[in-house]
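Sequences listed follow chains A and B, in order.
Each number in my numbering corresponds to the 1-based position in the first sequence with 43 added.
Each number in my numbering corresponds to the 1-based position in the second sequence with 1 added.
By construction, the Cβ of each residue, glycine as well, lies at the ideal position given by its N, Cα and C atoms.
Note that the structure is predicted; figures quoted are calculated from it, not measured.
Before any comments, here is the structure.
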Amino acid sequence: MERLIRAEGLAKRYDGFALEGLSLTVPAGTVVGLIGSNGSGKTTTLKAILGMTALDAGTVELLGCDPHAPGADLVAIKRRIGVVLDTCAFPVTMRVRDVGDLGKAAYRCWDPTEFERLCERFGLTPKKPVKGLSRGMGMKLSLAFALAHRPDLLVLDEATAGLDPLARDEVLDLLRGFMEEEGHAILMSTHITTDLEKIADEVVCIDEGRLAFSAPKDAICDDAGIARCRTADLERLASSGAFAAGSLRALPRGMAVDVLVPDRFACARALPDVAVDRASIEDYMTIMLKGEAL
Amino acid sequence: MKAMLFSDLITARNSFPALLGITVFVAAFIAVGSGMTVAAVGCMAAMVPFMYLFSIAAYDEWNGWERFRLTLPLSRRQVAYGRYASMLVVTACALAFSLAIGLLIGAVAQALPAGVVPESLSLDEAGLPVLATAGMAAALVVLLTSAVTLPLVMRFGMTSGTRLVPVVLVLAVAAGMVLLGGESTLDVDELLASAGPSMAMAVAAVVALALYGASALLAARLYEQREL
Numbered sequence: 044m045e046r047l048i049r050a051e052g053l054a055k056r057y058d059g060f061a062l063e064g065l066s067l068t069v070p071a072g073t074v075v076g077l078i079g080s081n082g083s084g085k086t087t088t089l090k091a092i093l094g095m096t097a098l099d100a101g102t103v104e105l106l107g108c109d110p111h112a113p114g115a116d117l118v119a120i121k122r123r124i125g126v127v128l129d130t131c132a133f134p135v136t137m138r139v140r141d142v143g144d145l146g147k148a149a150y151r152c153w154d155p156t157e158f159e160r161l162c163e164r165f166g167l168t169p170k171k172p173v174k175g176l177s178r179g180m181g182m183k184l185s186l187a188f189a190l191a192h193r194p195d196l197l198v199l200d201e202a203t204a205g206l207d208p209l210a211r212d213e214v215l216d217l218l219r220g221f222m223e224e225e226g227h228a229i230l231m232s233t234h235i236t237t238d239l240e241k242i243a244d245e246v247v248c249i250d251e252g253r254l255a256f257s258a259p260k261d262a263i264c265d266d267a268g269i270a271r272c273r274t275a276d277l278e279r280l281a282s283s284g285a286f287a288a289g290s291l292r293a294l295p296r297g298m299a300v301d302v303l304v305p306d307r308f309a310c311a312r313a314l315p316d317v318a319v320d321r322a323s324i325e326d327y328m329t330i331m332l333k334g335e336a337l
Numbered sequence: 002m003k004a005m006l007f008s009d010l011i012t013a014r015n016s017f018p019a020l021l022g023i024t025v026f027v028a029a030f031i032a033v034g035s036g037m038t039v040a041a042v043g044c045m046a047a048m049v050p051f052m053y054l055f056s057i058a059a060y061d062e063w064n065g066w067e068r069f070r071l072t073l074p075l076s077r078r079q080v081a082y083g084r085y086a087s088m089l090v091v092t093a094c095a096l097a098f099s100l101a102i103g104l105l106i107g108a109v110a111q112a113l114p115a116g117v118v119p120e121s122l123s124l125d126e127a128g129l130p131v132l133a134t135a136g137m138a139a140a141l142v143v144l145l146t147s148a149v150t151l152p153l154v155m156r157f158g159m160t161s162g163t164r165l166v167p168v169v170l171v172l173a174v175a176a177g178m179v180l181l182g183g184e185s186t187l188d189v190d191e192l193l194a195s196a197g198p199s200m201a202m203a204v205a206a207v208v209a210l211a212l213y214g215a216s217a218l219l220a221a222r223l224y225e226q227r228e229l
């Protein structure tokens, strides 16, 4: 399977922050969600992948090219990528139609009809000034801009932040439509993990600049589970033989302990009297980051 | 570079009507107040590009536009050269605009009955060559100032960069005074007088453009190293 992004051992050091040895891949036909707490290094990772910031170590292959290599044709690579950052970044003096004109000037394969269609779908009239757009409308404009040059890869940084649930669903529908075309892929960083439950294939979590975990979404949302244990159940669970040592993580919750198990069905078989719920990505991330290995 | 040039002009185009309106108002005030069309032309030729320069640099820092622009198919070098190109285009257009308004002021002054406005405003007093020289001189000052300002803004951003501009300008003026005011064998006044105004203006234009070009090369290098 073609990989649109392959990052190996990314390292970048700032004052008070270091991205260390991060690796991730985004194969064609997949949506990879990037999660992690604020300041964990998600945006730095995206910037490093896009060649916007110099790396201290590591390699990036973006659409088959190394954006950090001297003499790399970064312009040609960027023509195939649509990017939405966490704010509507267009200058406040612009109107919606100016954003279309900017796209026409910047991208050879800009499709003005597609841009107009998307703007119409989002209720963005051509004369509307950027400074008058709400955050949600601004993000929709950014998304229309990112899609109207028919990219192969979308890189989204908190693109659904600030959107109401209906608008978020609309955006996710649009992203699903984008993924219907062969060879497309999305790398999206978000704090809204429920969006990833609806659309992602793979979830990558960063914590303090390091890879915390990387797992297929189905392994998190379908296979894994949260066992609601009493303290006494912990020993039974750990010694049940159903799980390898170190594969369970426990997080105390008042008098009880939530245990993240990689296979909720195996857990239910081993301890039928213990309730095991499905894990959401948020539960999974919380216990992986805050819990302790058993 | 073309994409960056268009990007800058698209960004600024909605501000131009207000910017030109303010400029014409100020120029009319100066013309009537001083009785000199030539002062109004110089003022307009300098005001428009200066306001453009600081506006466009300020927009870079709003909402992460500068960072987002790097995701467009533009290299950092193209961004820097495009900014210089857009500044040059705006300066040239402002020069043409200021001359047109200057001629209009002169024509109106000529058409009005004597005593309504100072006679010195009429085209008989300040014809096209005089106005063009004033406009050109102002445009060259703009280019030289931009040649100092743009590399600093490109390297440090608008907020920090503009703080350094006065320091660099003062140092440059001081260095110039030391060089030209010392025991130099080069007598600039004599040189300018012997060359005539047209030749002096042509030489000044070549020098200003050369410095502007060198500044663009420096700004591109600085911008490539900037962490955004």
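Would you mind sorting residue i into buried or exposed? The rule is 16 or more other CB atoms within 10 Å of its CB.
i: B/Val179; result: exposed
i: A/Arg292; result: buried
i: A/Asp216; result: exposed
i: B/Ser195; result: exposed
i: A/Met298; result: exposed
i: A/Asp20; result: The structure shown does not extend to residue 20 of chain A, since chain A spans only 44 to 337, so no value can be given for it.
i: A/Asp320; result: exposed
i: A/Met231; result: buried
i: B/Glu67; result: buried
i: B/Ser161; result: exposed
i: A/Ser83; result: buried
i: B/Met52; result: buried
i: B/Val230; result: In this structure chain B extends from 2 to 229, so residue 230 of chain B is not present and cannot be described.
i: A/Lys183; result: buried
i: A/Leu176; result: buried
i: A/Thr233; result: buried
i: A/Arg56; result: exposed
i: A/Asp338; result: Since the displayed chain A opens at 44 and closes at 337, residue 338 of chain A lies outside it and no answer follows.
i: A/Cys131; result: buried
i: A/Asp200; result: buried
i: A/Asp116; result: exposed
i: A/Thr96; result: buried
i: B/Gln79; result: buried
i: A/Pro169; result: exposed
i: B/Arg70; result: buried
i: A/Val69; result: buried
i: A/Lys90; result: buried
i: A/Arg164; result: exposed
i: B/Pro198; result: exposed
i: B/Phe98; result: buried
i: A/Leu190; result: buried
Just to confirm my understanding: we take residue i, look at its own chain, exclude 5 residues before and 5 after, and list those with CB closer than 7 Å. What are they?
i: B/Gly158; result: Glu62
i: A/Ala258; result: Val246
i: A/Thr73; result: Ala228, Asp244 and Glu245
i: B/Thr24; result: Met45, Met48 and Val49
i: A/Leu332; result: Asp250 and Ala255
Can you give the beta carbon distance from residue i to residue j, rounded, assuming they're within the 8 Å contact cut?
i: B/Ser8; j: B/Gly65; result: Going by Cβ atoms, the distance from B/Ser8 to B/Gly65 rounds to 15 Å, so no, they are not a contact pair.
i: A/Tyr150; j: A/Arg122; result: 6 Å
i: A/Val198; j: B/Ser76; result: About 18 Å separates the two Cβ atoms, so there is no contact after all.
i: B/Leu100; j: B/Thr38; result: Actually they do not touch by this definition, with Cβ atoms about 10 Å apart.
i: B/Met202; j: B/Thr134; result: 6 Å
i: A/Leu314; j: A/Asp276; result: 7 Å
Using C-beta distances below 8 Å, list every residue in its chain close to residue i, excluding the 5 sequence neighbours before and after it, in chain order.
i: B/Leu6; result: Gly83, Ala86, Ser87 and Val90
i: A/Lys30; result: Because chain A spans 44 through 337 in this model, residue 30 of chain A falls outside it and cannot be assessed.
i: B/Ala108; result: Leu124
i: A/Lys85; result: Leu77, Ile78, Gly79, Asp200, Ser232 and Ile249
i: A/Lys174; result: Val135 and Thr136
Return the chain-ordered list of same chain residues with a C-beta closer than 6 Å to the C-beta of residue i, the five sequence neighbours on each side being excluded.
i: A/Ala210; result: Gly179
i: A/Ser185; result: Val127 and Cys131
i: A/Pro305; result: Ala267 and Ser290
Query raised in the report: When Cβ atoms are compared, which residues of the stretch 60-71 of chain B fall closer than 9 Å to chain A?
Result: Cβ contacts with chain A come from Tyr60, Asp61, Trp63, Asn64, Gly65, Trp66, Glu67, Arg68, Phe69, Arg70 and Leu71.
Query raised in the report: In chain order, which alpha helix (DSSP H) runs of at least 4 residues are fully inside the stretch 133-199 of chain B?
Result: 189-196
Query raised in the report: Which residues, in order along the stretch 71-95 of chain B, keep a beta-carbon less than 8 Å from a beta-carbon of chain A?
Result: Leu71, Thr72, Leu73, Pro74, Leu75, Ser76 and Gln79
Report task. Pull out every residue of the stretch 205-224 of chain B whose Cβ sits closer than 8 Å to any Cβ of chain A, in chain order. Result -> none
Report task. Output the residue ranges of the alpha helix (DSSP H) runs that lie fully inside the stretch 71-124 of chain A and measure 4 residues or longer, sorted by chain position. Result -> 85-92 and 117-121
Requested in this report: Would you mind listing the alpha helix (DSSP H) stretches within the stretch 194-229 of chain B that are 4+ residues and don't spill past its ends, in chain order?
Outcome: 198-226
**Report entry** Contact residues within the stretch 3-17 of chain B, judged by C-beta distance below 8 Å to chain A
**Finding:** Lys3, Ala4, Phe7, Ser8, Ile11, Thr12, Ala13, Arg14, Asn15 and Ser16
Requested in this report: Check distances from the C-beta atoms of the stretch 96-121 of chain A to those of chain B and list, in chain order, the residues that come in under 7 Å.
Outcome: Thr96, Leu117, Val118 and Lys121
Report task. Give, in chain order, every residue of the stretch 112-129 of chain B whose Cβ lies closer than 8 Å to some Cβ of chain A. Result -> Per Cβ criterion, the list is empty.
Query raised in the report: What are the complete alpha helix (DSSP H) segments, minimum 4 residues, inside the stretch 120-206 of chain A?
Result: Runs of the alpha helix (DSSP H) inside the stretch 120-206 of chain A: 139-149, 155-164 and 178-190.
Report task. Taking only runs that begin and end inside the stretch 295-330 of chain A, name each unbroken alpha helix (DSSP H) of 4 or more residues, in chain order. Result -> 307-313
Report task. Check each residue of the stretch 142-164 of chain A: if its Cβ is closer than 7 Å to any Cβ of chain B, include it; give the result in chain order. Result -> Of all residues in the stretch 142-164 of chain A, Asp144, Leu145, Ala148, Ala149 and Tyr150 have a Cβ within less than 7 Å of some Cβ in chain B.
Report task. Only counting runs of 3 or more residues, tell me where the beta strand (DSSP E) segments fall wholly within the stretch 223-296 of chain A, in order along the chain. Result -> 228-232, 245-250, 253-259, 268-272 and 292-296
Query raised in the report: Going along the chain, which residues of the stretch 16-31 of chain B sit with their C-beta nearer than 8 Å to a C-beta in chain A?
Result: Ser16
Report task. Identify each residue in the stretch 274-296 of chain A for which the Cβ-Cβ distance to at least one residue of chain B is less than 9 Å, and report them in chain order. Result -> none
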